[in-house]
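Reviewing the structure listed below.
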Amino acid sequence: GGQAFFGGLGGGMDSETGHFGGSEDYVASLAWRVGPGGLFDFGNIHARQARLRGATLTAGKLADQVANEVITSQVRVQSLADQIATAKQSLSDAEEALRLGQERKEFGVGVVLETIQAEQDLARARSDYLNIVTDYNKAQYALLRALGRLSAPAPPSDHSRGR
C-alpha cells in the first residue's frame, strides 16, 4: 500500500497558526510485504495458479459432460421418434391383419386360431407402441433437462400444520 502526508508545522504567538517560517515538511511512503503472503511468495503464487488450472480443468470436464449428455439425449429422442413411426406402421398392419382374419372367419375360409393370433399381435403392437411413446417422452424430458430448459420445481407448501 502507499501513503502520502502533506502539511507543515507552524505557529506563533497567542495561538496563531499562520506563521510557518521558512521550512515545510512533506512525507511520501510506499509499503509492501515481502515474503509469505506478500511479494515474492512463490509458494503461494504457484499454489493459486495450480488451483486456477484445476478449476479450469474441472470446468472443461463439466462442459464436456453436459455436451455429451445433450448429444446422447438428442440421439435417443431421434431414434425413438423413428421407432414411433415404425410402431405406428406395425400397429396399422396388426389392425388390418385382424380385420382380414375376422373377414376370413366370417366367410368360413379362416380358422379361429388365425383370429386369436391376430388379436394377440394387435395387443402386442399396441403395448410396444405405448412403451416406445413412454420412452420417447422420458427421452424428451432428459434432453430438456440436459439443455437446462426445465425450471426448478416449486418447494412443497406445508398446509398440513396447524397454528
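Sequential numbering from 9 applies to the sequence shown in this note's numbering.
Even glycine gets a Cβ: it sits at the ideal position worked out from N, Cα and C.
(message) Can you check which of these residues, G51, L88 and W40, is closest to L187 by C-alpha distance?
(response) Nothing about residue 187 can be read from this structure; the chain reaches only from 9 to 171.
(request) Please classify I53: is it buried, with 16 or more other beta-carbons within 10 angstroms of its beta-carbon, or exposed? (result) Exposed.
(request) Could you name the residues of the same chain whose beta carbon sits closer than 6 angstroms to that of A75, not counting the 5 residues immediately before and after it, in chain order? (result) Only residues of its own chain outside the window of five on either side were considered, and among them none has a CB closer than 6 angstroms to the CB of A75.
(request) Helix, strand or coil for L152, going by three-state DSSP, please let me know. (result) L152: helix per DSSP, three-state reduction.
(request) List the DSSP bridge partners of L99. (result) Beta bridge pairing from DSSP links L99 with no other residue.
(request) May I ask you to list the residues that DSSP assigns as paired with L47? (result) Answer by DSSP bridge pairing, in chain order: V42.
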